[in-house]
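To start, the structure itself, in structure tokens.
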Amino acid sequence: MQSKFNRQALLAVALASIAATASAATQTEEKVACYGIAKAGQNDCGSKTGVHGCAGEAKVDNDKGDFKALPKGTCEKLGGKIES
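Per mature numbering (1 follows the signal peptide of the UniProt record, and there is no 0), the sequence shown runs over residues -24 to -1, 1 to 60.
Here is the structure:
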């Protein structure tokens, strides 16, 4: 019985460690504003064209004025454009 408990405790600690490492890696990734990939209602901020002023207000998919914050290096792969 003791061996089964030790094995379960070890597995729980290992899984918690993996989850913590993945969470820390996600939090430290540099994000960029990727324009032209946001789906309707899923943009991260106001439109640069002035169509709306808040996150989540995009009316159409892939509007060039709306962006999603993505990890650096993924924007172009998804067909978006990074603008300063």
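Ideal Cβ placement from N, Cα and C applies to all residues, glycine included.
In this structure, the straight-line span from the alpha carbon of residue 32 to that of residue 15 is close to 9 Å.
By alpha-carbon distance to residue 42, the top candidate from -14, -8, -5, 21 is 21. Straight through space, the alpha carbons of residue 44 and residue 18 are spaced by roughly 8 Å. Around the beta carbon of residue 34, 16 or more other beta carbons sit within 10 angstroms, so the residue counts as buried. Here DSSP, grouped into helix, strand and coil, assigns residue 13 to coil.
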